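Just so we're aligned, residue 1 is where the sequence shown starts under our numbering, counting upward by one.
Heads up, the beta-carbon is just placed ideally off N, CA and C, and yes, glycines get one too.
Given the structure is predicted, the values throughout are model-derived calculations rather than measurements.
First the structure, in the form of structure tokens, and then the observations on it.
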Amino acid sequence: MPFKTKLLPTIKKFWFNRLNHTILHSRQQTIEAPNNIVQSRLIPVVQSQAAYGYVDPFGMYRRVEYVADVDGYRATVHSNEPGMTSNGAANAAYFVEVPPPAIVAQGLAYLKPVQKD
């Protein structure tokens, strides 16, 4: 009869929010790592769920949520950054909103030609 035992899953969670001058950075993560010992071999099975992002003083933000497990890495991106599209790059799901008015105005001001005397 082979040696068979199952250990209880290990679950680790952490999160933080940090204000760096005027930009809010955040991260949260949950890792579940049940360890199975089958016939004296350790076979780790890991699942990780996490989210990270930022918000700037004008209200522009990006939030990335992901799951990494035996089925691979799957990400969802929420953002209102100018130029962001929902084209599914990197096999991620994108949810794009209109940029904040202050960001749009800042970009338009940059595009105005400068008159030389």
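By the 10 Å Cβ neighbour count, where 16 or more other Cβ atoms means buried, how is residue i classified, buried or exposed?
| i | result |
| --- | --- |
| P57 | exposed |
| S79 | buried |
| P82 | exposed |
| V104 | exposed |
Express the C-alpha separation of residue j and residue i in angstroms, rounding to a whole number.
| i | j | result |
| --- | --- | --- |
| G107 | Q49 | 35 Å |
| T30 | V64 | 14 Å |
| Y73 | T22 | 31 Å |
| A89 | Y66 | 14 Å |
| P99 | M84 | 9 Å |
| K116 | F16 | 49 Å |
| V55 | V70 | 31 Å |
| N20 | S86 | 28 Å |
| E32 | Q47 | 5 Å |
| A109 | G59 | 18 Å |
| V96 | L24 | 19 Å |
| K13 | N91 | 26 Å |
Compute the beta-carbon to beta-carbon distance between residue i and residue j, rounded to the nearest angstrom, for a pair I have assumed lies under 8 Å.
| i | j | result |
| --- | --- | --- |
| R27 | Y52 | 4 Å |
| T185 | A93 | The structure shown does not extend to residue 185, since the chain spans only 1 to 117, so no value can be given for it. |
| field | In chain order, each alpha helix (DSSP H) run of at least 4 residues that lies wholly inside the stretch 75-111 | value | 101-111
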